[in-house]
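Trainee: To start, I am sharing the structure in question, which I have written as structure tokens.
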Amino acid sequence: MTYKIFEKILEKNGVIKISPNKGEDFNKNDHESSENIRVNENSKVAEVVQTGYKVNNKVLRQAKVVLDKCQ
1 MTYKIFEKIL
11 EKNGVIKISP
21 NKGEDFNKND
31 HESSENIRVN
41 ENSKVAEVVQ
51 TGYKVNNKVL
61 RQAKVVLDKC
71 Q
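Residue numbers for the sequence shown follow the UniProt record's numbering, so the first one is 1 and each next one is one higher.
Below, the structure is given as structure tokens:
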């Protein structure tokens, strides 16, 4: 309950969650790979490890993601 209230306060103040969906293209500006693997333009998100946040189009924390290794 408290977490939901906190999220609403953040939203009211312009803070946006960065939480990519599985299969979404890796975006080096908004996402950070949680593993030490080579990232290329075809890299896809397999899982979100940690949600990221941005405010006024400025990234406060990148979303930490696991990338699909089948590329």
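Where a beta carbon is used, it is the ideal one built from N, C-alpha and C, also for glycine. Note that the structure is a prediction, hence the values are computed from the model and not measured.
Using the C-alpha atoms, what's the distance from H31 back to S51?
Mentor: In the sequence as displayed, the identity of residue 51 is Thr instead of Ser. Rounded to the nearest angstrom, the two C-alpha atoms are 9 Å apart.
Trainee: What does the alpha-carbon distance come out to for the pair A63 and I18?
Mentor: Going from the Cα of A63 to the Cα of I18 covers about 6 Å.
Trainee: What residue range does the alpha helix (DSSP H) around E35 cover?
Mentor: Where E35 is concerned, there is no enclosing alpha helix (DSSP H), given that its DSSP letter is neither H nor E.
Trainee: Compute the beta-carbon to beta-carbon distance between E35 and L67, rounded to the nearest angstrom, for a pair I have assumed lies under 8 Å.
Mentor: 7 Å
Trainee: Around the C-beta of V55, are 16 or more other C-beta atoms found within 10 angstroms, so that it is buried, or is it exposed?
Mentor: exposed
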